[in-house]
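Participant: Structure below; questions to follow.
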Amino acid sequence: MLATEFQHKTQNTEQQEEEKYLMRLLDKRWSPRSYSGKPISNEKIQKLFDAGRQAMSSFNEQPWRVIFASKEDDHYDKLFECLSDFNQQWVKTASCLGVVLGKKHFTKLKKENRHRFYDSGAFMAYVALRATSLGLFVHQMAGFSPDNVIENFEIPGEFEPITMFVIGQPDDPEKLPEKLQEQESPNSERKGVNEILFGAEWGHSYV
Ligand SMILES: Cc1cc2nc3c(=O)[nH]c(=O)nc-3n(C[C@H](O)[C@H](O)[C@H](O)COP(=O)(O)O)c2cc1C
Numbered sequence: 001m002l003a004t005e006f007q008h009k010t011q012n013t014e015q016q017e018e019e020k021y022l023m024r025l026l027d028k029r030w031s032p033r034s035y036s037g038k039p040i041s042n043e044k045i046q047k048l049f050d051a052g053r054q055a056m057s058s059f060n061e062q063p064w065r066v067i068f069a070s071k072e073d074d075h076y077d078k079l080f081e082c083l084s085d086f087n088q089q090w091v092k093t094a095s096c097l098g099v100v101l102g103k104k105h106f107t108k109l110k111k112e113n114r115h116r117f118y119d120s121g122a123f124m125a126y127v128a129l130r131a132t133s134l135g136l137f138v139h140q141m142a143g144f145s146p147d148n149v150i151e152n153f154e155i156p157g158e159f160e161p162i163t164m165f166v167i168g169q170p171d172d173p174e175k176l177p178e179k180l181q182e183q184e185s186p187n188s189e190r191k192g193v194n195e196i197l198f199g200a201e202w203g204h205s206y207v
């Protein structure tokens, strides 16, 4: 076998392995509501947010910041009380809780960064995938009061709370109130590519 042929074959095998691994992570990820409550080590917390750091962002601004709390931390309750009643009923099964905040302006350009939500979503997507690779799951939440976060943590005006989240190991859905047990599923419905990818004509599938 020629060297170039060998290289090509190795690259192909590597790429196939990478795709298989990524697809496995994508398939495995979901947002449980029932958690084991087992604490997450600082080593794993570091790994999770290290993955988030790799996310792309407009002008490489990295507008994301995170306030994180484990249940035994004094500031945990200050985060927990920011959640809606609906989310409080299941979040209590998890051992930790966090909120993602976005920086409102580009640091160098002094101009509003209207991509801060988009970029912070990419950051959390990376965290969620790394979590999956570590046997952990992330559930994000819009159901909380940004004003309460600002007040409880004296957030500087340049930052705004975007999304809260929990991270943990999924557990028996029977831990949840009956109505939530029925919704606990790793197979949420998704739109088809033909419903979201258009060409020249709006609403007409490109593929
Ligand atoms: C920004 C954002 C906000 C969300 N808010 C809530 C929420 O407040 N409460 C909740 O139970 N789930 C919430 N979810 C979870 C979504 O309902 C869930 O991701 C979606 O149904 C798809 O399911 P899957 O993540 O299991 O694939 C939120 C997810 C995202 C990304």
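Quick note on numbering: the sequence shown equals residues 1 to 207 in my numbering. Note that the Cβ used here is the ideal one computed from N, Cα and C, for glycine as well.
Does DSSP put Trp64 in a helix, in a strand, or in coil?
Facilitator: By 1-based counting over the sequence shown, the position of residue 64 is 64. Trp64: strand per DSSP, three-state reduction.
Participant: Would you say the beta carbon of Asn87 comes nearer than 7 Å to a heavy atom of ligand 1?
Facilitator: Mapped onto the sequence shown, residue 87 falls at position 87. Indeed, a heavy atom of ligand 1 lies less than 7 Å from the Cβ.
Participant: Determine the closest residue to Leu101 out of His8, Arg24, Leu134 and Pro156, with distance taken between C-alpha atoms.
Facilitator: Taking the first residue of the sequence shown as position 1, residue 101 is located at position 101. Looking at the Cα atoms, Pro156 is the closest of the given residues.
Participant: Take Val99 and list the residues in its own chain whose beta-carbon comes closer than 6 Å to its own, dropping the five residues that flank it on each side.
Facilitator: Within the sequence shown, residue 99 is the residue found at index 99, counting from 1. If we look at Val99 and ignore the five residues flanking it on each side, its Cβ neighbours are Ile67, Val149, Pro161 and Met164.
Participant: Between the Cα of Leu48 and the Cα atoms of Lys175, Asp147, Tyr126 and Gln183, which residue gives the shortest distance?
Facilitator: Residue 48 sits at position 48 when you count from the first residue of the sequence shown. Of the candidates Lys175, Asp147, Tyr126 and Gln183, the one whose C-alpha sits nearest the C-alpha of Leu48 is Tyr126.
Participant: Assuming Leu129 and Arg29 are in contact, meaning their beta carbons sit under 8 Å apart, how far apart are those beta carbons, in whole angstroms?
Facilitator: Position 129 of the sequence shown, counted from the first residue, corresponds to residue 129. Position 29 of the sequence shown, counted from the first residue, corresponds to residue 29. Indeed, because the Cβ distance is near 7 Å, the residues count as touching under 8 Å.
Participant: Identify every residue that forms a DSSP beta bridge with Ile167.
Facilitator: Locating residue 167 in the sequence shown gives position 167, counting from the first residue. Partner(s): Val138.
Participant: Indicate, with yes or no, if ligand 1 has a heavy atom lying under 7 Å from the CB of Met141.
Facilitator: Counting from 1 along the sequence shown, the entry for residue 141 is found at position 141. Met141: yes, Cβ under 7 Å from ligand 1.
Participant: With distances taken between CB atoms, is the gap from Lys92 to Asn152 smaller than 8 Å?
Facilitator: One-based indexing of the sequence shown puts residue 92 at position 92. One-based indexing of the sequence shown puts residue 152 at position 152. No; because the gap between Cβ atoms is not below 8 Å, this pair is not in contact.
Participant: Span of the alpha helix (DSSP H) holding Lys20?
Facilitator: Within the sequence shown, the letter at position 20 stands for residue 20. Here the alpha helix (DSSP H) through Lys20 covers Ala3 to Lys28.
Participant: Between which two residues does the alpha helix (DSSP H) containing Leu129 stretch?
Facilitator: In the sequence shown, residue 129 corresponds to position 129, counting from 1. Arg116 to Ser133 is the extent of the alpha helix (DSSP H) around Leu129.
Participant: Tell me the rounded alpha-carbon separation between Ile45 and Glu201.
Facilitator: Locating residue 45 in the sequence shown gives position 45, counting from the first residue. Locating residue 201 in the sequence shown gives position 201, counting from the first residue. Cα to Cα, the separation comes out at about 45 Å.
Participant: Confirm, please, whether the CB-CB distance from His139 to Pro32 is below 8 Å.
Facilitator: Numbered from its first residue, the sequence shown carries residue 32 at position 32. Numbered from its first residue, the sequence shown carries residue 139 at position 139. Closer than 8 Å, so yes.
Participant: Look at the alpha carbon of Val58 and the alpha carbon of Phe159, and state the distance between them as a whole number of angstroms.
Facilitator: By one-based count along the sequence shown, residue 58 stands at place 58. By one-based count along the sequence shown, residue 159 stands at place 159. Looking at the sequence shown, residue 58 is not Val but Ser. Near 17 Å, if we compare the C-alpha coordinates of Phe159 and Ser58.
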